[in-house]
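>
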């Protein structure tokens, strides 16, 4: 990754080396990893970032970067890139019979028949 890059992908299962790369990328843009916030999950560590040094003000929102998210630098601020659909994350399509496509048909199918009371 070069210093001219406007994006950084925070990988799943990030290593200390990945953290060092992110810290360098952020520093070139006036941001830093917030050392007071640490979150870990099944996909790896999430990092909280904030503006560096005197620019940072208490109460100013930082940015939480989750594993596999792409961070975008637009020259003034950092944000998370919108997710893109890929074959590995796309929602599968399921064929639905025409009769079940109306609300009335779905509701009728969901109500079980009752046995007459004796």
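Numbering (the working numbering), first residue to last: 957 to 1074.
C-beta atoms are modelled at their ideal positions from N, C-alpha and C, and glycine is treated no differently.
Could you check what DSSP says for residue 981 in three-state terms: helix, strand or coil?
Indexing the chain shown from 1 puts residue 981 at position 25. In this structure, residue 981 counts as helix in the three-state DSSP scheme.
> Might you give, ordered along the chain, the residues of its own chain that have their beta carbon closer than 7 angstroms to the beta carbon of residue 1002, omitting 5 neighbours on each side?
Reading the chain shown from its first residue, position 46 is the one you call residue 1002. If we look at residue 1002 and ignore the five residues flanking it on each side, its Cβ neighbours are 995, 1020, 1021, 1022, 1023.
> Hey, how far is the Cα of residue 984 from the Cα of residue 977?
Residue mapping note: residue 984 aligns to position 28 of the chain shown, counting from 1. Residue mapping note: residue 977 aligns to position 21 of the chain shown, counting from 1. Each residue's alpha carbon lies about 11 angstroms from the other.
> Hey, would you say residue 1034 sits closer than 8 angstroms to residue 1005, going by beta carbons?
As a working mapping, residue 1034 is identified with position 78 in the chain shown. As a working mapping, residue 1005 is identified with position 49 in the chain shown. Yes, these two residues count as a Cβ contact at 8 angstroms.
> Can you tell me the Cα-Cα spacing of residue 1030 and residue 1008, whole angstroms?
Position 74 of the chain shown, counting from 1, holds the residue named residue 1030. Position 52 of the chain shown, counting from 1, holds the residue named residue 1008. Their backbone Cα atoms lie some 17 angstroms apart in a straight line.
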